[in-house]
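**Student:** In the numbering used here, the protein residues as written are 1 to 106. Here it is, the structure in full.
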């Protein structure tokens with residue numbers, strides 16, 4: 001997937017102040033460099049997982065990896081998000097009721 005191009009206005013607004021000389025600007029840009037962001041796209045991980053089974057023509061393994069990645073993991077993630085939101089909602093309700101019982105004080 002091609003990377004989006006920066007607009008001219010964005011690149012011009014990200015310049016260093018004129019009071020810095022070239023060596024200071026280079027040192028500052030090295031110090032502010034961000035670490036490499038890993039590629040977490042689904043296709044990359046899925047292809048890597050399935051590659052072992054495809055080399056041996058093990059279609060049952062491909063099916064198991066596909067079911068795990070396409071059905072079980074999203075179901076588990078959704079269940080955890082749902083349980084977490086219910087727990088946080090109940091905790092917030094409990095805290096509100098507790099504060100109300102104390103007369104609005106913590």
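Just so it is clear, CB atoms sit at the ideal spot from N, CA and C, and this is done for glycine as well. Please read these numbers as outputs of a predicted model, since none were measured by experiment.
Give me the Cα-Cα distance between residue 33 and residue 67, rounded to the nearest whole angstrom.
**Tutor:** Against the chain shown, residue 33 aligns to sequence position 33. Against the chain shown, residue 67 aligns to sequence position 67. Spanning the two alpha carbons is a distance of roughly 39 Å.
**Student:** Kindly indicate which three-state DSSP category residue 12 falls into: helix, strand or coil?
**Tutor:** Within the chain shown, numbered from 1, the residue matching residue 12 stands at position 12. Confidence in residue 12 is poor, its pLDDT being 49 and thus under 50, which makes the residue's placement too unreliable to answer from.
**Student:** Output the distance between the C-alpha atoms of residue 53 and residue 45, rounded to the nearest integer angstrom.
**Tutor:** For the purposes of this step, residue 53 is taken as the residue at position 53 of the chain shown. For the purposes of this step, residue 45 is taken as the residue at position 45 of the chain shown. When rounded, the distance between both Cα atoms is 14 Å.
**Student:** Roughly how many whole angstroms lie between the Cα atoms of residue 93 and residue 40?
**Tutor:** Walking along the chain shown from the start, residue 93 turns up at place 93. Walking along the chain shown from the start, residue 40 turns up at place 40. Rounded to the nearest angstrom, the two C-alpha atoms are 36 Å apart.
**Student:** So the alpha helix (DSSP H) residue 89 belongs to, where does it begin and stop?
**Tutor:** Taking the first residue of the chain shown as position 1, residue 89 is located at position 89. Residue 89 -> alpha helix (DSSP H) spans 73-101.
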